[in-house]
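See below for the structure under consideration.
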Amino acid sequence: MSFIRVETAGPILKIMMNRPEKYNALTVDMYHDIANAYGLLHRDDELRVGVFYGEGEHFTAGLELTDWSATLSAGALPPLPEGAIDPFGLSGPKLSKPIVMAMQGFCYTCGVEMMLNTDIRVAAKNTRFAQLEVQRGLYACGGATIRLQRELGWANAQRYLMTGDEWSAEDAYRMGMVQELCDTGEQFSVAMAIAERIAKAAPLAVKGSLRSSQIARDQGENAAINLLFNELEPIMASEDFKEGIQSFVERREAVFKGC
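Below is the structure:
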């Protein structure tokens with residue numbers, strides 16, 4: 248039985264963790280299913296953006312450690328099938344399309360680390376974040392030691408990585424980790440509204456913007472600058488660019504086709 252439900256809503260891929268009776272604790276099989284969903288979003292030209300969320304009271308209480316202990320003891324994440332994309336973003340190709348994440352209740356350990364590998368985040372006001380690993384005898388190994396300092400600043404990151412203490416949705420919003428705060432129960436609809444705005448934008452331009460941003464983050468500003476106009480050139484030659492100009496002239500909403 249899969250605890251990951253994947254559905255399409257037009258150009259939006261909805262990825263839901265559906266194990267609420269266990270607070271959506273992440274098993275190895277769930278990790279594989281999320282990776283397969285990311286791979287589908289990456290490959291399918293009809294899909295433009297993903298929304299990742301959790302069913303129930305909590306987004307996730309973290310890893311199901313009894314299921315992951317052998318894998319973690321081996322010193323690596325589980326191998327992924329061909330075409331899958333690591334939701335922690337630690338190996339393999341980068342996802343070429345954006346992910347909007349919606350969270351509520353507990354967003355612990357792997358939940359934070361998967362969030363750090365998404366692009367836009369929506370949190371219900373009752374969301375509580377924590378990297379609890381040091382309280383379980385290990386340290387965060389899904390990307391938090393690499394990315395949390397970039398999101399929160401060095402000292403803020405160490406404050407939470409070294410204690411396992413919680414921080415609130417308001418803290419996350421204040422520090423820039425979360426882009427939207429909403430009443431509990433509204434997080435999915437707010438995330439979908441953002442995804443719908445992305446889906447209406449020019450797909451080639453969205454992918455190009457995301458790729459340029461990823462290069463600047465991962466390889467440095469000069470690498471992104473060197474590729475900026477070379478990668479913009481085919482987008483400028485696209486039918487969507489012509490449609491964008493025409494819609495501006497005609498003062499109407501553009502209808503983009505991704506070509």
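Residue numbers for the sequence shown follow my numbering, so the first one is 248 and each next one is one higher.
By construction, the Cβ of each residue, glycine as well, lies at the ideal position given by its N, Cα and C atoms.
Specify, as a first and last residue, the run of the beta strand (DSSP E) that Thr-274 falls within. Thr-274 -> no beta strand (DSSP E), and no H or E assigned at all.
Please determine, among Leu-475, Lys-454, Val-453, Ala-452, the residue with the shortest C-alpha to C-alpha distance to Ala-463. Leu-475
Candidates Leu-457, Leu-451, Ile-346, of which the one nearest Glu-486 by Cα: Leu-451
Within the same chain, show all residues whose beta-carbon is closer than 6 Å to that of Lys-341, passing over the 5 residues directly before and after it, in chain order. Gln-461
Suppose you measure from the CA of Trp-315 to the CA of Thr-274; what does that come to, to the nearest Å? 7 Å
Limits of the alpha helix (DSSP H) - the one that Gly-491 falls within: 486 to 497
For Met-362, the residue or residues it bridges with in DSSP: None; Met-362 has no bridge partner.
Nearest by alpha-carbon distance to Gly-358: which of Cys-429, Val-437, Gly-389 is it? Gly-389
Between the CA atoms of Asp-418 and Gly-352 - distance to the nearest angstrom: 14 Å
Closer than 8 Å by C-beta to Leu-457: which residues in its own chain qualify, once you throw out the five before and the five after it? Chain order, please. Ser-343, Lys-344, Pro-345, Asp-366
Considering only DSSP beta bridges, list what Trp-401 is partnered with. DSSP, once it has assigned bridges, lists no residue as partnering Trp-401.
On the DSSP letters alone, give me the boundaries of the beta strand (DSSP E) that Tyr-355 sits inside. 353 to 355
Taking the C-alpha atoms as reference points, what is the distance between Arg-444 and Phe-435? 14 Å
Taking the alpha-carbon positions, what's the Arg-397 to Arg-290 distance? 29 Å
In the DSSP assignment, the beta strand (DSSP E) including Gly-297 goes from what residue to what residue? 296 to 301
Contact check, Val-347 vs Val-425, beta carbons under 8 Å: no
Buried/exposed call for Val-502, threshold 16 Cβ in 10 Å: exposed
Can you tell me the Cβ-Cβ gap for Leu-294 and Thr-356, rounded? I've got them flagged as a contact below 8 Å. That belief does not hold up - the Cβ atoms of Leu-294 and Thr-356 are roughly 28 Å apart, past 8 Å.
Taking one C-beta from the region 371 to 387 and one from the region 402 to 420 each time, how about it: are there three or more such pairs within less than 8 Å? yes
Tyr-278 classed as buried or exposed, judged by whether at least 16 other C-beta atoms fall within 10 angstroms: buried
Just checking my contact of Pro-334 with Ile-251 at CB under 8 Å: how many whole Å lie between their CB atoms? Not confirmed; about 10 Å, so no contact.
Only counting the same chain, and skipping five residues up and downstream in sequence, which positions put a Cβ closer than 7 Å to that of Ala-442? Ile-259, Val-296, Val-298, Val-347
What is the rounded straight-line gap between the Cα of Glu-380 and the Cα of Leu-312? 10 Å
May I ask you to report which of helix, strand or coil DSSP gives Arg-368? strand
For a test of the three-state rule: what should DSSP assign to Arg-464, helix, strand or coil? helix
Nearest-angstrom Cα distance between Ala-323 and Leu-428? 34 Å
6 Å CB neighbourhood of Met-422 in its chain, flanking five on each side removed: Leu-399
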